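A.B. asks: Got a structure for you, questions after.
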Amino acid sequence: MPHPGLLSLALAAALVLPAIEARASSFSDLLAQADALRTREPARAAELLSRLERRKHEATKAEIQYLRLLRNYRRALRGEYQEAIADAGRLADDAIDPKIGYRAALLVTTVSALNREYLVGLRYLNRASLLADRLQDRSLKHTGDNVAGTLYNEFGHYPMALARAERVLADDPDGRNRCIARQVRVRALHGLGRALDKSRDVDDAIADCASQGEIILVNAIRCTWAEHEAAKGRRREAIALLESHLPEAEATGYTRLTGEMRRLLAQYYLDIGDLAHAEAHARAILRAKGQDGTSQASVVANRVLYEIALSRRDLSAALAYYRRYADADRARLDDVKAREYAFQLGQQEIREKNQSIALLQQQNQLLRLQQEVARKSQWNTRLAIALLVLLTLSAVLWGYRGRRTQRSLRKLAETDGLTGLSNRRHFRACSEAALAQGRQRGRPVSVLLFDLDHFKQINDQCGHASGDWVLREVARVGRLHCRQADVYGRIGGEEFAMTLIDCDLEAALRVAEGCRQSIAAIDARAVACGQPVSASVGVASTQVSGYDYETLMAHADAAMYRAKVGGRNRVTAYAPLPGCDEDDGGRRHARSAAADDACG
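Take the sequence shown: its letters are residues -24 to -1, 1 to 576, numbered as in mature numbering (1 follows the signal peptide of the UniProt record, and there is no 0).
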């Protein structure tokens, strides 16, 4: 899985140029010094930038643009992403020096990724690739490859990331670019599931980065090695590695790095049953200033606290943490989907641009042929017409392929790649349309929300391949209980939902019970897993909850939670008790019902 928490760290390091010794006080020398110090000694770099701002009247136009670039780096470090993207984008277009334009394009790529504007980032990465042909500076080209490799790791396209890293390493890079490329390579190899050689791949990379003073990247490599160790069942060794270097990471002041290390520690302590340490690290993540509430670290922290509270039978706290975990996890999944959609769309834009260039070249060739035809015989005229028809057919074919690709991308944006069901966003849109139609016709609509019980044990004990098989089986057996008009989607990791059209509560309960029984009948021994499969199902109907989507889903979620608290592997219908507040009473008061017929 990509490292969203480490994206900004690796990209920030990838844009650092080699240090320059202070040797003079001319404007250009001060610019170079500020550039070299901006991540190593940010306070001193800020003081140099202030001096340069006061001396702008001495600068040439190219030096003013260099100063703008450094000012935008500082904006990015302060979190002023929109301002940095806007000005650096203009600078990429207007720069006199190709190096400044190239670096500005890379900066837009970096900051756009941090700001979740993935398509913008990919477009400027492509622009930087075009500018690279005008550069003679190998070190700067290596920097661009490292930025691209880090982005590809973030998007989960590990072969592309590995290719960029190995291209840098094969070209005799300077020390800092070599360190970054080795970190990108370690992350890509782990993402591809390849074995890591501790001495050659990890220890040598750590020693190399430590010699360059890149403590952030040193600890990023350690995080990857800890994940590798834990995946091999050596969680205690992974914990020892992370705990021993956590103070060093905290000393850097980078919240994202410490959040990533604490995320792994919280998870591994929970896995070995050390709830006190797991809770301490999870709470430290949520207390940290600047921690993104939808980051993977926040998702894991809330899930760990939920499971700890549930084990202590503190149902009130468990409910609160479960809601935060579910909201953060859904937002993170949406962000992953947006990254993949942006990547596919960016690749499509590149292909269409190349096709347009090829088409223009063919059109120019055709014009030349037509001029030649004017001086030749009628036979040549017919040949030109034939070429024109061929060109037109080619353009039609490219247009057809483009539309087909757009349809494929739209399907990718609407469906869950593993199960083929509607994703959360598409499920909501279809359900809201069904509710609006049901309200207009005065017909009932019901929602089933079910979550697989103890699914984490299947992943941990049998492997993620077995977990993926179980999710696909749940999708398959669930379809058997849906009609063509109903909506069925996967809206979370192991959470599924159905919207049943023209189904009242009693009919929906029969469907829910059928789904529960079908899921319980799944035999995971087909994939060498002895863990049982079951689900807790919550049912809500417009007869009780009305036609508002959010209310209906909240009531189904409340009923599902009650099913889990009541012992799991059961169906519970939402029904508030008389005199109980609608919003919180619904979750605290639900009733159980089950039957054996299908909705009909």
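Quick reminder that beta carbons are idealized off the backbone N, C-alpha and C, glycines included. On a predicted model such as this, the values are computed, not experimentally measured, just so you know.
Leu251 to Arg212, Cα distance in whole Å?
C.D. replies: Position 275 of the sequence shown holds residue 251. Position 236 of the sequence shown holds residue 212. C-alpha separation (whole angstroms): 14 Å.
A.B. asks: Buried or exposed: where does Thr36 fall if 16 or more other Cβ atoms within 10 Å of its Cβ makes it buried?
C.D. replies: Mapped onto the sequence shown, residue 36 falls at position 60. Exposed: under 16 other Cβ atoms inside 10 Å.
A.B. asks: Terminal residues of the continuous alpha helix (DSSP H) containing Ala516?
C.D. replies: Numbered from its first residue, the sequence shown carries residue 516 at position 540. Unbroken run through Ala516 is the beta strand (DSSP E), 511 to 517; no alpha helix (DSSP H).
A.B. asks: Expressed to the nearest angstrom, what Euclidean distance is found between the alpha-carbon atoms of Ser26 and Phe3?
C.D. replies: Position 50 of the sequence shown, counted from the first residue, corresponds to residue 26. Position 27 of the sequence shown, counted from the first residue, corresponds to residue 3. Computed Cα separation, rounded: 12 Å.
A.B. asks: Within 10 angstroms of its Cβ, does Gly393 collect 16 or more other Cβ (buried), or is it exposed?
C.D. replies: The count along the sequence shown starts at 1 and reaches residue 393 at position 417. Exposed, by the Cβ-count rule.
A.B. asks: Tell me the rounded alpha-carbon separation between His253 and Tyr297.
C.D. replies: Position 277 of the sequence shown, counted from the first residue, corresponds to residue 253. Position 321 of the sequence shown, counted from the first residue, corresponds to residue 297. Those two C-alpha atoms are separated by around 17 Å.
A.B. asks: Considering only C-alpha positions, which residue in the set Arg152, Arg31, Ala409, Gly522 is nearest to Ser115?
C.D. replies: For the purposes of this step, residue 115 is taken as the residue at position 139 of the sequence shown. Measuring from the Cα of Ser115, the nearest candidate turns out to be Arg152.
A.B. asks: Given Ala108, which residues of its chain have a CB within under 7 Å of its CB, disregarding the five upstream and five downstream residues?
C.D. replies: By 1-based counting over the sequence shown, the position of residue 108 is 132. Closer than 7 Å at Cβ, skipping near neighbours: Tyr78, Lys117, Gly120.
A.B. asks: Does the region 275 to 288 come close enough to the region 239 to 250 to have 3 or more Cβ pairs within less than 8 Å?
C.D. replies: Taking 8 Å as the limit for Cβ pairs, the verdict is that the region 239 to 250 does touch the region 275 to 288.
A.B. asks: On the DSSP letters alone, give me the boundaries of the beta strand (DSSP E) that Leu145 sits inside.
C.D. replies: Counting from one through the sequence shown, the residue named residue 145 turns up at place 169. Not the beta strand (DSSP E): Leu145 falls in the alpha helix (DSSP H), residues 134 to 145.
A.B. asks: Would you check if the distance between the CB atom of Leu218 and the CB atom of Met237 is smaller than 8 Å?
C.D. replies: For the purposes of this step, residue 218 is taken as the residue at position 242 of the sequence shown. For the purposes of this step, residue 237 is taken as the residue at position 261 of the sequence shown. It is a contact, given that the beta carbons lie within the stated cut-off.
A.B. asks: Does the region 431 to 451 touch the region 482 to 490, meaning 3 or more C-beta pairs lie closer than 8 Å?
C.D. replies: Contact between the region 482 to 490 and the region 431 to 451 is absent, because fewer than three Cβ pairs lie under 8 Å.
A.B. asks: I need the DSSP call for Ala302, collapsed to helix, strand or coil.
C.D. replies: Position 326 of the sequence shown holds residue 302. Correct three-state label for Ala302: helix.
A.B. asks: Looking only at C-alpha atoms, which of Arg289, Tyr282, Ala21, Arg288 sits nearest to Arg300?
C.D. replies: Along the sequence shown, read from residue 1 onward, the residue named residue 300 stands at position 324. Per the Cα distances, Tyr282.
A.B. asks: So, helix, strand or coil for Leu364, using DSSP?
C.D. replies: In the sequence shown, residue 364 corresponds to position 388, counting from 1. Reduced to three states, the DSSP call for Leu364 is helix.
A.B. asks: Would you kindly check if the distance between the Cβ of Lys75 and the Cβ of Leu46 is under 8 Å?
C.D. replies: Taking the first residue of the sequence shown as 1, we reach residue 46 at position 70. Taking the first residue of the sequence shown as 1, we reach residue 75 at position 99. No, Cβ-Cβ distance for Leu46 and Lys75 is not below 8 Å.
A.B. asks: Name, in chain order, the residues that DSSP records as bridge partners for Arg501.
C.D. replies: Indexing the sequence shown from 1 puts residue 501 at position 525. DSSP output for Arg501 lists no bridge partner at all.
A.B. asks: What is the rounded straight-line gap between the Cα of Leu83 and the Cα of Thr231?
C.D. replies: The residue labelled residue 83 in the question sits at position 107 within the sequence shown. The residue labelled residue 231 in the question sits at position 255 within the sequence shown. Roughly 21 Å separates the two Cα atoms.
A.B. asks: From what residue to what residue does the beta strand (DSSP E) around Val421 run?
C.D. replies: Sequence index remark: in the sequence shown, residue 421 carries index 445 (1-based). Per DSSP, Val421 belongs to the beta strand (DSSP E) from 421 to 428.
A.B. asks: Tyr376: buried (16+ other C-beta within 10 angstroms of its C-beta) or exposed?
C.D. replies: Taking the sequence shown and counting its residues from 1, one reaches residue 376 at position 400. Exposed.
A.B. asks: Return helix, strand or coil for Leu83, following the three-state DSSP convention.
C.D. replies: Taking the first residue of the sequence shown as 1, we reach residue 83 at position 107. Leu83: helix per DSSP, three-state reduction.
A.B. asks: What three-state label does DSSP hand Leu111 in the structure shown?
C.D. replies: As a working note, residue 111 is residue 135 in the sequence shown. Three-state result, Leu111: coil.
A.B. asks: Do the CB positions of Glu142 and Arg161 come within less than 8 Å of each other?
C.D. replies: Locating residue 142 in the sequence shown gives position 166, counting from the first residue. Locating residue 161 in the sequence shown gives position 185, counting from the first residue. In this structure, Arg161 lies closer than 8 Å to Glu142 by Cβ.
A.B. asks: Please name the residue, chosen from Ala362, Lys352, Ala539, Gln354, that lies closest to Leu342 on a Cα-to-Cα basis.
C.D. replies: For the purposes of this step, residue 342 is taken as residue 366 along the sequence shown, with counting starting at 1. When only C-alpha atoms are compared, the closest one is Ala362.
A.B. asks: For Ala10, list the residues DSSP reports as bridge partners.
C.D. replies: Here residue 10 refers to the residue found at position 34 of the sequence shown. Ala10 pairs with nothing; no bridge assigned.
A.B. asks: Any contact of the region 398 to 413 with the region 460 to 472, i.e. 3+ C-beta pairs under 8 Å?
C.D. replies: The region 398 to 413, when compared against the region 460 to 472, does touch it at the 8 Å Cβ threshold.
A.B. asks: Give me the Cβ distance between Cys491 and Phe426, rounded to the nearest whole Å; I'm assuming they're in contact under 8 Å.
C.D. replies: Taking the first residue of the sequence shown as 1, we reach residue 491 at position 515. Taking the first residue of the sequence shown as 1, we reach residue 426 at position 450. Indeed, because the Cβ distance is near 7 Å, the residues count as touching under 8 Å.
A.B. asks: Within the chosen definition, does the region 531 to 549 reach the region 499 to 515 through at least 3 CB pairs nearer than 8 Å?
C.D. replies: Yes, the region 531 to 549 touches the region 499 to 515.
A.B. asks: Considering just the uninterrupted stretch of the alpha helix (DSSP H) at Thr234, what are its terminal residues?
C.D. replies: Numbered from 1 along the sequence shown, position 258 holds the residue referred to as residue 234. Run containing Thr234: 231 to 247, per the alpha helix (DSSP H) assignment.
A.B. asks: Alpha carbons only, please: which of Ala71, Arg44, Leu28, Ile72 is nearest the one belonging to Glu59?
C.D. replies: Counting from 1 along the sequence shown, the entry for residue 59 is found at position 83. It is Arg44 whose Cα lies nearest to the Cα of Glu59.
A.B. asks: In this structure, what does DSSP give as the bridge partners for Glu471?
C.D. replies: Within the sequence shown, numbered from 1, the residue matching residue 471 stands at position 495. Note: Glu471 sits in a beta bridge opposite Asp427.
A.B. asks: Taking C-alpha atoms, which residue in Val520, Tyr525, Thr518, Ser510 lies nearest to Gly543?
C.D. replies: Here residue 543 is taken as the residue at index 567 of the sequence shown, counted from 1. Of Val520, Tyr525, Thr518, Ser510, the residue nearest in Cα terms is Ser510.
A.B. asks: Just confirm the distance between the C-beta atoms of Ala488 and Val547, as a whole number of angstroms; I'd bet it's less than 8 Å.
C.D. replies: Residue 488 sits at position 512 when you count from the first residue of the sequence shown. Residue 547 sits at position 571 when you count from the first residue of the sequence shown. Contact holds; Cβ gap of about 5 Å.
A.B. asks: Would you mind listing the alpha helix (DSSP H) stretches within the region 250 to 304 that are 4+ residues and don't spill past its ends, in chain order?
C.D. replies: Fully enclosed alpha helix (DSSP H) runs of 4 or longer: 251 to 263, 272 to 287.
A.B. asks: For Arg103, which residues does DSSP report across the bridge?
C.D. replies: As a first step, residue 103 must be located in the sequence shown, where it is residue number 127. DSSP output for Arg103 lists no bridge partner at all.
A.B. asks: Output needed for Val87: all residues of its chain with C-beta closer than 6 Å, excluding positions within five of it in sequence on either side, in chain order.
C.D. replies: The residue labelled residue 87 in the question sits at position 111 within the sequence shown. Closer than 6 Å at the Cβ level, and outside the excluded window around Val87, lie Ala52, Tyr57, Ala60, Ile61.
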